[in-house]
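For what it's worth, our numbering labels the leading residue of the sequence shown as 82, then goes sequentially.
Note that beta-carbon positions come from the ideal geometry of N, C-alpha and C, so glycine has one too.
It should be emphasised that the depicted structure is a prediction, and the values quoted were computed from it without experimental measurement.
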Amino acid sequence: MATTAFWPVKGSLKAVIDYADNPDKTTNPKYLDDDLAQVLRYAEKDDKTDQKLFVSGVNCTSERAYEEMKAVQLRFGMRGTNVAYHGYQSFPPGEVTPEEAHQIGIETARRMWGDKYQVVVTTHLNTTSIHNHLVLNAVSFKDGKKFQNHIRDHIRLREVSDQLCRERGLSVLEDASFHKTESRGEYWARRRGSMTHRDILKQDIEDSLRYAMNFDGLISHLRAKGYVYDWERGSIRAPDWERAIRLDRLGFSLDFIQERTRRNLDDPDGRDRWNSHLPYRPKRFPLLELERKMEYEIRRSDDTVTVMIDAVFLIIMAMLDLTRAEREGEQSFRPLSPSIRAELARFDRLHEEYMVLSSNGIHTENDLAQFISEKESQIGALERERQSYRNQLRRPKPPEIEGELKEKIAATTDRLKPLRRDLAAARRVSEHWRHLYELLQSEREMEIKALKRERNRGR
Numbered sequence: 082m083a084t085t086a087f088w089p090v091k092g093s094l095k096a097v098i099d100y101a102d103n104p105d106k107t108t109n110p111k112y113l114d115d116d117l118a119q120v121l122r123y124a125e126k127d128d129k130t131d132q133k134l135f136v137s138g139v140n141c142t143s144e145r146a147y148e149e150m151k152a153v154q155l156r157f158g159m160r161g162t163n164v165a166y167h168g169y170q171s172f173p174p175g176e177v178t179p180e181e182a183h184q185i186g187i188e189t190a191r192r193m194w195g196d197k198y199q200v201v202v203t204t205h206l207n208t209t210s211i212h213n214h215l216v217l218n219a220v221s222f223k224d225g226k227k228f229q230n231h232i233r234d235h236i237r238l239r240e241v242s243d244q245l246c247r248e249r250g251l252s253v254l255e256d257a258s259f260h261k262t263e264s265r266g267e268y269w270a271r272r273r274g275s276m277t278h279r280d281i282l283k284q285d286i287e288d289s290l291r292y293a294m295n296f297d298g299l300i301s302h303l304r305a306k307g308y309v310y311d312w313e314r315g316s317i318r319a320p321d322w323e324r325a326i327r328l329d330r331l332g333f334s335l336d337f338i339q340e341r342t343r344r345n346l347d348d349p350d351g352r353d354r355w356n357s358h359l360p361y362r363p364k365r366f367p368l369l370e371l372e373r374k375m376e377y378e379i380r381r382s383d384d385t386v387t388v389m390i391d392a393v394f395l396i397i398m399a400m401l402d403l404t405r406a407e408r409e410g411e412q413s414f415r416p417l418s419p420s421i422r423a424e425l426a427r428f429d430r431l432h433e434e435y436m437v438l439s440s441n442g443i444h445t446e447n448d449l450a451q452f453i454s455e456k457e458s459q460i461g462a463l464e465r466e467r468q469s470y471r472n473q474l475r476r477p478k479p480p481e482i483e484g485e486l487k488e489k490i491a492a493t494t495d496r497l498k499p500l501r502r503d504l505a506a507a508r509r510v511s512e513h514w515r516h517l518y519e520l521l522q523s524e525r526e527m528e529i530k531a532l533k534r535e536r537n538r539g540r
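Quick look at the structure:
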């Protein structure tokens with residue numbers, strides 16, 4: 082059985098090769114995906130005799146992999162930021178010998194990319210699990226086309242790896258995520274560390290099953306968490322989801338649910354747990370309260386020009402603070418929308434984006450567009466200035482002049498870093514803020530409906 086992973090590498094080609102050469106793994110992990118040569122060095126270097134590794138090249142020599150890959154990129158022209166792709170193939174302890182693992186890695190590379198791309202395959206023995214690193218040049222030696230990182234490539238990598246394991250009589254993990262129904266968006270969201278609709282729903286179902294004494298109790302809990310259940314289809318969704326999800330497709334079959342609820346029913350403390358965790362009935366409505374305090378209303382309107390983007394981010398973060406506190410048992414009220422709770426995984430990133438908005442006086446969409454344009458201009462000017470210093474270094478200079486130019490290059494790079502960081506955050510805001518606004522619109526509608534229900538109960 083081999084587990085696989087695959088991700089793009091940005092930066093310089095040489096660093097990823099160096100990374101794949103070095104079994105000591107002394108390099109800071111945060112740089113591994115940003116420097117291709119580092120990965121290739123890691124793949125080929127053998128400093129410890131008890132950590133012997135195997136190195137092979139597919140369509141290139143292992144000894145000159147960097148030079149040969151770089152030559153292909155120079156020949157056809159390097160476009161885009163992805164200079165290579167780094168694959169990983171790991172085997173359970175004791176299942177394969179190093180030689181077998183290496184042959185599987187080579188054959189995986191040949192079947193996956195051998196007709197068009199150069200690949201370095203290395204086998205490492207420096208952990209309890211023998212594993213391969215596969216470093217793929219992003220540019221084809223055959224026609225110069227860039228490799229396109231589609232989800233089908235990740236699926237095929239798993240399939241090829243599994244087939245090679247079967248051919249050698251090794252085990253295969255049949256219930257891995259690629260053997261289940263998963264949309265393209267859900268797959269990439271999970272790869273980014275975000276929570277998908279399925280993730281937050283599974284989390285909420287598991288939480289509800291800790292207390293539910295029967296199926297109706299489970300559904301009552303889920304309704305209180307903002308979901309709508311379709312009794313005829315056995316599916317569930319949040320109000321802002323396009324599609325419902327069947328419970329059994331998440332692994333919660335009727336038999337499974339009955340077994341879990343029966344266990345609670347038979348537990349002497351089960352009734353007390355249920356009574357102390359009854360389905361949530363909102364008495365306070367956080368978004369409506371925040372609107373009153375901020376004197377800002379989330380309206381359902383197509384006119385985005387008037388939307389205060391910084392207020393949207395501030396409200397979202399306040400809602401997420403309630404979600405985080407509610408999980409820790411510190412709050413008696415919370416957002417009703419499951420989709421807002423799913424944004425909790427992005428809280429730190431949202432905070433960074435809000436700070437850029439707040440510190441630069443960005444309120445509206447026009448403000449944001451102007452800020453992005455200004456940062457792009459500033460960065461372009463500094464990049465041209467730095468390039469002029471680099472051009473001067475191409476000609477022989479006295480040591481003192483050369484030192485001054487290098488200092489200017491370093492200083493310009495330091496000035497570029499915060500500008501690029503702010504620009505990246507602003508671009509993320511530009512891509513994401515409408516989605517956040519839609520989440521708040523949905524939450525507002527849910528709170529208004531819940532408020533009306535509470536008022537009707539009181540009559």
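- Phe172 sits buried, since 16 or more C-beta atoms from the chains shown fall within 10 Å of its C-beta.
- In this structure the region 211-218 does not touch the region 285-298; the number of beta carbon pairs closer than 8 Å is below three.
- Checking the DSSP bridge columns, you'll see Tyr308 has no partner listed.
- Of the residues Trp322, Ala491 and Asp329, the one whose Cα lies closest to the Cα of Arg314 is Asp329.
- For Glu483, the CB contacts under 8 Å within the same chain, skipping 5 residues up- and downstream, are Leu474 in chain order.
- Shown here for Ser301: same chain residues with a beta carbon closer than 7 Å to its own, the five before and five after excluded, namely Pro360 in chain order.
- Judged by DSSP secondary structure, Lys91 falls within the beta strand (DSSP E) whose first and last residues are Thr84 to Lys91.
- In terms of Cα proximity to Leu371, the closest of Val393, Lys283, Ile187 and Ile317 is Val393.
- In the DSSP assignment, Ser171 is bridged to Thr84 and His212.
- For Phe333, no alpha helix (DSSP H) encloses it, and the DSSP letter there is neither H nor E.
- DSSP places Ile317 in the uninterrupted beta strand (DSSP E) bounded by Ser316 to Arg318.
- Setting aside the 5 residues that flank it on each side, Ser511 is surrounded in the same chain by Leu449 and Ile453, each with a C-beta closer than 7 Å to its C-beta; the list follows chain order.
- Counted as a single uninterrupted DSSP element, the alpha helix (DSSP H) harbouring Gly351 occupies residues Gly351 to Ser357.
- For Val202, the uninterrupted beta strand (DSSP E) run begins and ends at Val200 to His205, by DSSP.
- For Phe222, there is no enclosing alpha helix (DSSP H), as DSSP marks it with neither H nor E.
- Taken through DSSP and simplified to helix, strand or coil, Ala293 comes out as coil.
- Gly161 is bridged by DSSP to nothing; it lacks a bridge partner.
- Contact annotation, Ile281 with Arg422: C-beta distance approximately 6 Å; criterion of less than 8 Å satisfied.
- Between the region 487-502 and the region 462-473, the count of C-beta pairs closer than 8 Å reaches three or more; the two stretches touch.
- Of Asn537, Asp350 and Val202, the smallest CA-CA separation from Thr189 is found for Val202.
- Glu424 and Leu401 do touch by the CB rule: their CB atoms are close to 6 Å apart, below 8 Å.
- Within the same chain, Met294 and Asn295 come within 8 Å of Leu346 by CB-CB distance, once the 5 residues on both sides are set aside.
- With fewer than 16 other Cβ atoms from the protein chains shown falling within 10 Å of its own Cβ, Gln229 counts as exposed.
- Looking at the DSSP output, Gly138 sits in a beta bridge with Val201.
- A Cβ-Cβ separation of about 16 Å leaves Asp503 out of contact with His444 under the 8 Å criterion.
- In the structure shown, the three-state DSSP call for Tyr166 is strand.
- Using a 10 angstroms sphere on the CB of Trp514, the tally of other CB atoms reaches 16 or more, which defines it as buried.
- As a beta-bridge residue in DSSP terms, Lys227 pairs with Val220.
- Assignment of Arg430 by DSSP, reduced to helix, strand and coil, places it in the helix class.
- Under the three-state reduction of DSSP output, Ile326 falls in the strand class.
- Annotation for His183: Phe135 and Thr204 place their beta carbon closer than 6 Å to its own, counting only its chain and skipping 5 residues before and after.
- The beta carbons of Arg501 and Ile379 sit no closer together than 7 Å.
- Comparing alpha-carbon positions, the option among Arg354, Arg324, Pro320 and Lys498 lying closest to Leu520 turns out to be Pro320.
- In this structure, DSSP gives Asp448 a helical state, which the three-state scheme calls helix.
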